[in-house]
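A short write-up of the structure that comes next.
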DNA sequence: CGCCATTTGTGCGTATGTATC
DNA sequence: GGATACATACGCACAAATGGC
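Here is the structure:
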């Protein structure tokens, strides 16, 4: 591991254990240089990384200050599937069932949205998330077959992202998300236990690989009362 | 302006105008050194910044590649007031009216939530956002008076954040956000044109200064059909 | 396969600028 | 003004990944 990463991890650990207390000032760059026997540039890279990850805040002329712990706890940032968030927030797990798994030619609206050639093959997957005996979330995923080959129903029952990153070795780069309320559709009614809610919260997700190629479009449709989204925004 | 920022801006501009095309490779660090008469470290800082802001992707041993344009458009990340987002998305401006402005002792639920001493003074502000002749968003803000002194109704009519950062010189550090649907309240009915929607989308916002002190709690209550939230998540 | 040129990644040392106290 | 601390910039050396030969 790179030296600046080692320093980063060591410092992060000392903040987590409380050795460096919240609100306190970290040793100066010069002190850290000696302590870790590194150059100033290396120490600075470690500190930059700590700031980027929300551990500390640097202040020109004053020093580097440890931020309060609770900031780091709610790191729902980045690309996480919403069911994961949901599960972790409620402290319970969700049962997932694959309601539909097919290989189709991309419909025209999808091809246009994703910038695909006509007739590109995609996997279309419907997954229903059951919580406390009720179906409350419907995920409809579209994956480009060329970019995510070998997807199976078994994989879909677990974590597709894990498959993409670990098995295929593809690096996911970024996702565009949109959240809005929509009228309930027939599909929603057939898959979810909607009671008499007339609206669902829909999260659309366009996910891209590192070269900027889009490999996924997903709609995550949540029953109104079971939807919640959290994140932490930083300046 | 720092040299690496100048290089960053120049390169970003050349990508925006299409001089550097999407998917293409940028000149190597050595070439950029000569072109901008800068050291390699400086060029690298500019490139790092470009990557952080989603313009390019660096690849060890291969080069730096321009990402597709549409990625950069939706940069709603960071801390932005939701009305700003909303306005920029529709390409029109929203009219804001301050429906209520008072200085009160923090109610107990708020004191507990924000970790305040009992009887701490806070400003309570209600603002209504009118779009196309309809009141569709109600913002209820609570600001700790000690941390945001001198707030007035006039300031609330414009940008409170701007006041905090420019006039008070306070640095806003991060915000915790939550989005969920809630039943319509009496207050919603009295302030908004709700038609017969029974639910509103509520964004709660806890905002902190750089030392980790919370100075704001806000609820932004949106009529269901007028709510939309976008962001870009990066790994 | 190995070798090599290219390109980005890491690390060091140094000098100077700027903010804070 | 002086001391301290972070910010910027330069130059150099070597490591590691990539791709062509």
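Chains as they are written, first to last, in the numbering used here: chain A, 1 to 235; chain B, 1 to 235. Just so you know, even glycine gets a beta-carbon here, dropped at the ideal spot from N, CA and C. Keep in mind it's a predicted model, so treat the numbers as computed, not measured.
Residue i vs residue j beta-carbon contact at 8 Å
i, j, result
"residue 138/B", "residue 189/B", "no"
"residue 140/A", "residue 29/A", "no"
"residue 4/A", "residue 42/A", "yes"
"residue 179/A", "residue 203/A", "yes"
"residue 22/A", "residue 64/A", "no"
"residue 101/B", "residue 145/B", "no"
"residue 35/B", "residue 27/B", "yes"
"residue 25/B", "residue 131/B", "no"
"residue 201/A", "residue 181/B", "yes"
"residue 214/A", "residue 114/A", "yes"
"residue 151/A", "residue 160/A", "yes"
Cβ-based neighbour list, residue i, same chain, cut-off 8 Å, excluding 5 preceding and 5 following
i, result
"residue 2/B", "none"
"residue 198/A", "183 and 184"
"residue 135/B", "128, 129, 191, 192 and 193"
6 Å Cβ shell around residue i - same chain, five flanking residues per side excluded
i, result
"residue 106/B", "116, 120 and 122"
"residue 51/B", "58"
"residue 126/A", "99, 100 and 140"
"residue 72/A", "With a pLDDT of only 37 at residue 72/A, under the threshold of 50, the placement of this residue in the model should not be trusted; the figure read from the coordinates follows. Cβ within range, chain order: 54."
"residue 216/B", "143 and 207"
"residue 124/A", "102, 104 and 142"
Interface flag, residue i vs chain B, CB-CB below 8 Å
i, result
"residue 228/A", "yes"
"residue 139/A", "no"
"residue 46/A", "no"
"residue 199/A", "yes"
"residue 8/A", "no"
"residue 20/A", "no"
"residue 179/A", "yes"
"residue 315/A", "For chain A, the structure presents residues 1 to 235; residue 315/A sits outside this window and is missing."
"residue 216/A", "no"
"residue 90/A", "Because the pLDDT at residue 90/A is just 48, under 50, the model does not fix this residue reliably, and the value given afterwards should be weighed accordingly. Chain B, which has no Cβ nearer than 8 Å to the Cβ of residue 90/A, makes this no."
Element boundaries [alpha helix (DSSP H), containing residue i]
i, result
"residue 16/A", "3-16"
"residue 188/A", "186-191"
"residue 45/A", "40-52"
"residue 31/B", "29-36"
"residue 112/B", "108-114"
"residue 155/B", "153-157"
Per DSSP, the bridge partner or partners of residue i
i, result
"residue 129/A", "96/A and 137/A"
"residue 228/A", "180/B"
"residue 237/B", "This structure cannot settle anything about residue 237/B, because the visible part of chain B is limited to 1 through 235."
"residue 148/A", "In the DSSP output, where bridge partners are listed per residue, residue 148/A has none listed."
"residue 237/A", "The question about residue 237/A has no answer here: the residues shown for chain A are numbered 1 through 235."
"residue 25/B", "65/B"
"residue 104/A", "122/A"
Endpoints, the beta strand (DSSP E) within which residue i is located
i, result
"residue 204/B", "199-209"
"residue 58/B", "56-59"
"residue 63/B", "63-66"
Contact test: residue i Cβ vs the ligand MN heavy atom, cutoff 7 Å
i, result
"residue 217/B", "This structure does not include the ligand MN; it has no bound ligands of any sort."
Beta-carbon contacts of residue i that lie in its chain and below 7 Å, excluding the five residues immediately before and after
i, result
"residue 164/B", "148, 170 and 172"
"residue 11/A", "46 and 50"
"residue 14/A", "20"
"residue 157/B", "96 and 98"
"residue 118/B", "111"
"residue 224/B", "197, 199, 200 and 201"
is_contact[residue i, chain A] using C-beta, thresh 8 Å
i, result
"residue 225/B", "yes"
"residue 156/B", "no"
"residue 145/B", "no"
"residue 54/B", "yes"
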